[in-house]
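Chemist: First to last, the protein sequences are chains U and B. Just remember that my numbering sits 88 ahead of the position in the first sequence, which is counted from 1. Just remember that my numbering sits 20 ahead of the position in the second sequence, which is counted from 1. Just so it is clear, CB atoms sit at the ideal spot from N, CA and C, and this is done for glycine as well.
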Amino acid sequence: MKKESKIPQRLIQLGVLLAILLVWWWGTLPGRINPLLLPPPAPVFKNFWLLLTTASIWPDLWVTVHEWIVAFLLASTTGCTLGYVISRSGYAVRVFDPLLAGLYSIPAILLFPLYLLFFGLGSGSKIAIGTTIAFFPIVLNTIAGLAYVDKAYIRAAQSMGANDFQLFWSVMMPAAFPVVLTGLRLGCIIAFLAILGGETISSLAGLGHRIVSLAENMESAQMFGNILFAILMAFIINGTVSYVEARGRRGMQ
Amino acid sequence: MNRTSTVIKVEGVSQAFGAEGDPRRVVALESATLDIPRGELLSLIGPSGCGKSTLLNIIGGLATPTTGRVTIDGVEVKGPSPQKVAYVFQENTLFPWRTVIDNVKLGMAFQGVSKSEREGRARESLEAVGMQDFANHFPGQLSGGMKQRVQLARALGLQTEIVLMDEPFAALDEQTRMVLGEDLSVLLARTGKTIIFVTHSLVEAVFLADRVAVLTARPGKIKKIINVEEPHPRKSNFMTSAKLGAMRNELYELLHDEIRKTMTLRAEVGGDK
Numbered sequence: 089m090k091k092e093s094k095i096p097q098r099l100i101q102l103g104v105l106l107a108i109l110l111v112w113w114w115g116t117l118p119g120r121i122n123p124l125l126l127p128p129p130a131p132v133f134k135n136f137w138l139l140l141t142t143a144s145i146w147p148d149l150w151v152t153v154h155e156w157i158v159a160f161l162l163a164s165t166t167g168c169t170l171g172y173v174i175s176r177s178g179y180a181v182r183v184f185d186p187l188l189a190g191l192y193s194i195p196a197i198l199l200f201p202l203y204l205l206f207f208g209l210g211s212g213s214k215i216a217i218g219t220t221i222a223f224f225p226i227v228l229n230t231i232a233g234l235a236y237v238d239k240a241y242i243r244a245a246q247s248m249g250a251n252d253f254q255l256f257w258s259v260m261m262p263a264a265f266p267v268v269l270t271g272l273r274l275g276c277i278i279a280f281l282a283i284l285g286g287e288t289i290s291s292l293a294g295l296g297h298r299i300v301s302l303a304e305n306m307e308s309a310q311m312f313g314n315i316l317f318a319i320l321m322a323f324i325i326n327g328t329v330s331y332v333e334a335r336g337r338r339g340m341q
Numbered sequence: 021m022n023r024t025s026t027v028i029k030v031e032g033v034s035q036a037f038g039a040e041g042d043p044r045r046v047v048a049l050e051s052a053t054l055d056i057p058r059g060e061l062l063s064l065i066g067p068s069g070c071g072k073s074t075l076l077n078i079i080g081g082l083a084t085p086t087t088g089r090v091t092i093d094g095v096e097v098k099g100p101s102p103q104k105v106a107y108v109f110q111e112n113t114l115f116p117w118r119t120v121i122d123n124v125k126l127g128m129a130f131q132g133v134s135k136s137e138r139e140g141r142a143r144e145s146l147e148a149v150g151m152q153d154f155a156n157h158f159p160g161q162l163s164g165g166m167k168q169r170v171q172l173a174r175a176l177g178l179q180t181e182i183v184l185m186d187e188p189f190a191a192l193d194e195q196t197r198m199v200l201g202e203d204l205s206v207l208l209a210r211t212g213k214t215i216i217f218v219t220h221s222l223v224e225a226v227f228l229a230d231r232v233a234v235l236t237a238r239p240g241k242i243k244k245i246i247n248v249e250e251p252h253p254r255k256s257n258f259m260t261s262a263k264l265g266a267m268r269n270e271l272y273e274l275l276h277d278e279i280r281k282t283m284t285l286r287a288e289v290g291g292d293k
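(1) Since PRO67(B) contacts THR282(B) with CB under 8 Å, what's their CB separation in whole angstroms?
(2) Quick one: which unbroken beta strand (DSSP E) runs of 3-plus residues sit fully inside the stretch 108 to 190 of chain B? Chain order, please.
(3) Kindly give me the distance between the Cβ atoms of VAL237(U) and ALA279(U), rounded to whole angstroms, as I take these residues to be in contact under 8 Å.
(4) With which residues is ARG106(B) paired in a DSSP beta bridge?
(5) For SER256(B), does the three-state DSSP call read helix, strand or coil?
(6) Measure the CB-CB distance between TYR71(U) and PHE115(B) and report whether it falls below 8 Å.
(7) For the 8 Å Cβ check, are there 3 or more pairs between the stretch 90 to 98 of chain B and the stretch 213 to 229 of chain U?
(8) Sorted by chain position, which residues of the same chain lie with C-beta nearer than 8 Å to VAL223(B)'s C-beta, five sequence neighbours on each side aside?
(9) Please classify SER134(B) as buried or exposed, where buried requires at least 16 other C-beta atoms within 10 Å of its C-beta.
(10) Anyone know if the C-beta pair for ILE145(U) and ALA282(U) falls short of 8 Å?
(11) Which residues share a DSSP beta bridge with THR87(B)?
(12) Check each residue of the stretch 258 to 288 of chain U: if its Cβ is closer than 8 Å to any Cβ of chain B, include it; give the result in chain order.
(13) Could you check whether the Cβ of ALA334(U) sits closer than 8 Å to any Cβ belonging to chain B?
(14) Alpha carbons only, please: which of ASP153(B), GLU187(B), GLY140(B) is nearest the one belonging to GLY177(B)?
(15) Tell me the rounded alpha-carbon separation between THR74(B) and PHE37(B).
(16) Which one of LEU228(U), PHE253(U), SER290(U) has the shortest CA to CA distance from GLY271(U)?
(17) Would you say GLY249(U) reaches chain B, if we count a Cβ-Cβ gap shorter than 8 Å as a contact?
(18) Counting only C-beta atoms, is LEU64(B) closer than 8 Å to chain U at any point?
(19) Taking only beta-carbon positions, decide if MET198(B) is within less than 8 Å of chain U.
(20) Counting only beta-carbon separations shorter than 8 Å, does LEU126(B) have a partner in chain U?
(21) When the distance is taken between beta carbons, is VAL105(B) closer than 8 Å to ILE350(B)?
(22) In terms of residue numbering, what span does the beta strand (DSSP E) encompassing ARG231(B) cover?
(23) Using 8 Å as the limit for Cβ to Cβ distance, is TYR236(U) near chain B?
(24) Put GLY119(U) into one of helix, strand or coil per three-state DSSP.
(25) Give me the residue from ARG118(B), THR87(B), VAL232(B), PRO57(B) with the minimum Cα distance to SER221(B).
(26) Could one say the Cβ of LEU178(B) lies closer than 8 Å to chain U's Cβ atoms, at least one of them?
(27) So with Cβ pairs under 8 Å, would you call LEU82(B) a contact of chain A?
(28) If you scan the stretch 105 to 179 of chain U from start to end, which runs of the beta strand (DSSP E) of 3 or more residues do you find wholly inside it?
(29) Which one of ILE78(B), ARG58(B), ASN112(B), TRP117(B) has the shortest CA to CA distance from VAL33(B)?
(30) In terms of DSSP beta bridges, what is THR26(B) paired with?
(31) Looking only at its own chain, which residues have a Cβ that is under 7 Å from the Cβ of GLU187(B), when we skip the five neighbours before and after it?
(32) Given that PHE154(B) touches chain U, what residues does it touch there, using C-beta distances under 8 Å?
(33) Note the first and the last residue of the continuous alpha helix (DSSP H) segment covering VAL300(U).
(34) CB LEU61(B) to CB ASP230(B), shorter than 8 Å?
(35) Any contact of the stretch 294 to 313 of chain U with the stretch 172 to 188 of chain U, i.e. 3+ C-beta pairs under 8 Å?
(36) For a contact defined as C-beta to C-beta under 9 Å, what are the partners of ARG182(U) on chain B?
Written out as structure tokens, the structure reads:
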């Protein structure tokens, strides 16, 4: 098979981004869109640059990152543990797999007002919503990975005398690993999005909080600078996690 | 045949799936009795669904018979006996996340071979099947025939007296099977292991085996056992000999009616739905 060159793909992707920028610039020329609603690119990028080069955003950034890390750790430990426990019995899988999948389809963000009452306006409610949302893909993928390991592998291992620990460690785990890893990647990314969303709804600090308060003060150029910053973060997170996932897969092959 | 040299004894083994009285109950195997002497290669052949693989799994301890029992060296089989029995499966059961040599070594680890011994034994058994140059490949990089060679190497590495082979070449093309069959004959003649080999191929059954056990359509019973008097290792000229041809024809006669019966049975089952 001939290997396709990546250059045309990249050029098209870059072209689309440039086109958006161009429309933005054209739409914000004097006399067009009100700069309070959409400021021109130049001041937005200037503010974005300031965020990158000064430490002004660090306190808020730390709040968001801290919430995100705690939420992800909570979701992955509970999700993987529960997924493992359920996958041990075929009966439990038949009962809980559809149940969890059903719950996953409920928009969890609706729980956020409740979490605000429970855990307050601070980090607690953000961690709770991030954990809730990240938990489902992690637990569902752990079940899918462990419960549906090819029976032929298990039979072969047992015929060679594998004990329960060897069966789990050397057969089930590596066989399920790619599927579990996909769940962790999804959980990691949507936890960040949920926390950012939660912060914009109601919060005391964080990246989302900054964006909302700038909007309320009509500091549009600064607000868009912060949005660009959040986009950059989501981009970096996605790239890093996908890279780690690909490395993990290759390591297990 | 010397009675004292019997290693595997199958005594009135039946296997049924589903509860008694259930209209869907299937009797796969009915009172199979067999004595397998040490060092023999026995082929099991019969129509689809006649319980060949079931019988093999019962001997290997991966299934429990409804009635009857199997003994190996006089000890009743109650579960997998990895110290005595190794398996080669029809489907690819090599672990795709481990290299060829690590697959062979993992089998030994499961069996309880000490760590220091594994490397040497794994290299030896890979060499025996001609796969020593692929030790560090992953299974995904190998052809179907090569994967089966590695599965065979993994079984040999366990150094068991008995090897059970469940249609190991069924998924391979004719030419690959031919070569693998010849290599297997040479290899097995050298090791002197006791082997039960389940196959669909009449020619393969005769070419490899000391005895061929023909099973009937479901419920599977042992219809006839045919002796193949031909020294090991079998040469390629045995493949084209009149003797093999005659035996193949005899098997064909024995199986023909049984296969027809299976087909009718299937049509009836299909009509019920």
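Modeler: In this structure, then:
(1) In this structure PRO67(B) touches THR282(B) by the C-beta definition: roughly 4 Å separates them, less than 8 Å.
(2) Runs found: 182 to 186.
(3) Between ALA279(U) and VAL237(U) the Cβ distance is about 27 Å, and since that is not below 8 Å, they are no contact.
(4) Before going on, a small fix: residue 106(B) reads as Ala here, not Arg. By DSSP's assignment, ALA106(B) forms a beta bridge with VAL183(B).
(5) Helix.
(6) Since the displayed chain U opens at 89 and closes at 341, residue 71(U) lies outside it and no answer follows.
(7) Taking one beta carbon from each stretch, the stretch 90 to 98 of chain B and the stretch 213 to 229 of chain U have fewer than 3 pairs nearer than 8 Å; the two do not touch.
(8) Excluding positions up to five away in sequence, the list reads MET259, LEU264, ARG268.
(9) When all chains shown are included, SER134(B) counts as exposed.
(10) The Cβ atoms of ILE145(U) and ALA282(U) lie no closer than 8 Å to each other.
(11) Residue pairing by DSSP places THR87(B) opposite SER34(B) in a beta bridge.
(12) Taken in chain order, the members of the stretch 258 to 288 of chain U whose beta-carbon sits within less than 8 Å of a beta-carbon on chain B are SER258, VAL259, PRO262, ALA263, PHE265.
(13) The beta carbon of ALA334(U) sits no closer than 8 Å to any beta carbon of chain B.
(14) Considering only ASP153(B), GLU187(B), GLY140(B), the residue with the shortest C-alpha distance to GLY177(B) is GLY140(B).
(15) The C-alpha of PHE37(B) is placed about 11 Å away from the C-alpha of THR74(B).
(16) Of the candidates LEU228(U), PHE253(U), SER290(U), the one whose C-alpha sits nearest the C-alpha of GLY271(U) is LEU228(U).
(17) Output row for GLY249(U): interface = yes.
(18) Judged by the 8 Å Cβ criterion, LEU64(B) is not in contact with chain U.
(19) Not one chain U Cβ lies under 8 Å of MET198(B).
(20) Residue-level contact check: LEU126(B) touches chain U, since one or more beta carbons of chain U fall below 8 Å from its beta carbon.
(21) Residue 350(B) falls outside the range modelled here, since chain B spans only 21 to 293, and no answer is possible.
(22) Run containing ARG231(B): 231 to 235, per the beta strand (DSSP E) assignment.
(23) So no, TYR236(U) is outside the interface.
(24) Annotated three-state conformation of GLY119(U) is coil, per DSSP.
(25) Out of ARG118(B), THR87(B), VAL232(B), PRO57(B), VAL232(B) has the C-alpha closest to the C-alpha of SER221(B).
(26) So, interface residue.
(27) Structure shown: chain A not included; protein chains present are U and B.
(28) For the beta strand (DSSP E) assignment, the stretch 105 to 179 of chain U encloses no uninterrupted run of at least 3 residues.
(29) Comparing Cα positions, the closest option is ILE78(B).
(30) DSSP output for THR26(B) lists PRO57(B) as bridge partner(s).
(31) Once the five neighbours on either side are set aside, the close Cβ partners of GLU187(B) are GLN110, VAL218, THR219, HIS220.
(32) Per Cβ cutoff of 8 Å: no residues; PHE154(B) is ~15 Å from chain U at best.
(33) For VAL300(U), the enclosing alpha helix (DSSP H) covers residues 295 to 304.
(34) Closer than 8 Å, so yes.
(35) Not touching, per the Cβ criterion.
(36) Close to ARG182(U), with beta-carbon spacing below 9 Å, lies no residue of chain B; the smallest spacing is near 20 Å.
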